[in-house]
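Down below is the structure, laid out as structure tokens.
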Amino acid sequence: MTLNKVYGFSILLPLIATFASCSQPSPQEPIEPPIPEVGIVELEATVLEPEQYQLLDIGIKVFDIVISEEESLDIGEWIFTEIRENETHYLPYVLRSTLVASNQWGPVRVLPLEDPSMDLLISATVLASDGQRLTMQVEAKDSTGRLWLDKDYTDQSSAADFPVSTRYTPSNQFDSANFTEPFQDIYNQVNNDLVDVRSTLSTQELINIKRVSQLVYAGDLAPESFAENLGRNELGRLTVVTLPAPDDPQLERVNEMRQRHHLFIDTVDQYYESLYEEMQAAYVIWRKYSYDQIEEEMAASESYDFNSYGRSRSYLTLTQRYDRYRWSKIFEMEYQDLSLGFSNEIAPAILELNEQVHGLSGTMEEQYIQWRRILQQLFELEEEVPD
6 MTLNKVYGFS ILLPLIATFA SCSQPSPQEP IEPPIPEVGI VELEATVLEP
56 EQYQLLDIGI KVFDIVISEE ESLDIGEWIF TEIRENETHY LPYVLRSTLV
106 ASNQWGPVRV LPLEDPSMDL LISATVLASD GQRLTMQVEA KDSTGRLWLD
156 KDYTDQSSAA DFPVSTRYTP SNQFDSANFT EPFQDIYNQV NNDLVDVRST
206 LSTQELINIK RVSQLVYAGD LAPESFAENL GRNELGRLTV VTLPAPDDPQ
256 LERVNEMRQR HHLFIDTVDQ YYESLYEEMQ AAYVIWRKYS YDQIEEEMAA
306 SESYDFNSYG RSRSYLTLTQ RYDRYRWSKI FEMEYQDLSL GFSNEIAPAI
356 LELNEQVHGL SGTMEEQYIQ WRRILQQLFE LEEEVPD
């Protein structure tokens, strides 16, 4: 009897140990702290134009975006996808306008892809955008490969940031001149952060950025001719090893090609400006709708007395679904009314102009790639023609 008890107990011990180990809480992954809101930020602008070496040419690449399945289903997939995709072209132009308004930089352009002729390239990923909150990760690198920014920015809007009425008609048109971007503080902060980084660089470092971008573009046109002019320092950044002579005929051709390229990307930037202007009113409607929907659901969650309807959340769920459906229909009607001519006027005309003038076709991204190929081929042909 005693032996059986001992034997039985010996079997139970590993089982108890197993259950005990299962009941131990598994180590949790560390929770990342929330991104602090930028708050109220005044744009660091200057009246006096900075020194020439400080006026960096800036390219802002069309933003990337993160879309969760839940967001898409909440709003309605076709509308949500269309808006968020166009948002990737809209938001870069807001940043571009902010940098221009600061008077701190050289030419600032929105571009479909990375551009080898730029002194400073900015890219961003929109992590969240629902009218109430905007969160994005911004990265900025100069031509040498130096990282200026790698930072998350977020801010929250309020009802006062939106027009009282979004029922735009011929007699009640959207007033873009008096509309302030709800998340303008984010863009102001990005500009100010870039100005802060620039202030830490010496005159020679800023001059080197401009020289490197010139030679990077030269290497993009003729890799074999300019391969020896650039090297990397101990930090892995590009630096000038040897400068071509100022009267070098190849460098003169490169500078001519670069000027042609900049004229073309000025047209590209104009294309994104047109998209911005065409979609601004529709985008404001989308943000206002989304903001109101979030506020409605938060208010509903706080006001319902669950004791009156049992402990079930079914009543709240049904009510929220009805409210969401009602608001989505209102938004859909307003959005469709406004977007009937959306992107059917100025922007396609620019694409058509590029086709007529440059022989380019396709989307702006495709035209941009074609244009770079044309310049490379043109440079090669000119090299073959004796002076």
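Under our numbering, the residues of the sequence shown are numbered 6 to 392, in order.
Where a beta carbon is used, it is the ideal one built from N, C-alpha and C, also for glycine.
Note that the structure is a prediction, hence the values are computed from the model and not measured.
With respect to the C-alpha of L206, the residue from K156, S181, F231 and L152 having the closest C-alpha is L152.
Nearest C-alpha to Y373 among V289, E387 and Y277: Y277. P121 has its alpha-carbon roughly 5 Å from the corresponding atom of Y222. Boundaries of the alpha helix (DSSP H) around D190: Q189 to S204. Shown here for D147: same chain residues with a beta carbon closer than 7 Å to its own, the five before and five after excluded, namely D124, L125, W153 and I214 in chain order.
Exposure of A182 is indicated by the presence of fewer than 16 other C-beta atoms within 10 angstroms of its C-beta.
When T244, E300, D225 and A133 are compared, the shortest CA-CA separation from L383 is found for D225.
Between A232 and the set E371, G241 and L248, the nearest pair of CA atoms involves L248.
Boundaries of the beta strand (DSSP E) harbouring Y158: L152 to Q161, taken from the DSSP string. Looking at the DSSP output, Q142 bridges to T130 and D157. With three or more CB-CB distances shorter than 8 Å, the stretch 188-208 counts as touching the stretch 46-56. For L226, the uninterrupted alpha helix (DSSP H) run begins and ends at T208 to L226, by DSSP. If the five residues before and after S107 are omitted, its C-beta is found closer than 8 Å to the C-beta atoms of L48, E49, A50, T51, N196 and V200, all from its own chain and listed in chain order. Shortest Cα-Cα distance from E388 to any of E300, V246 and M262 involves M262.
Between Q194 and V289, the C-beta gap is not smaller than 8 Å, which leaves the two residues out of contact. The criterion of a C-beta distance shorter than 8 Å is satisfied by R89 and I70. Counting the other CB atoms within 10 Å of its CB gives S163 a total below 16, which places it among the exposed residues.
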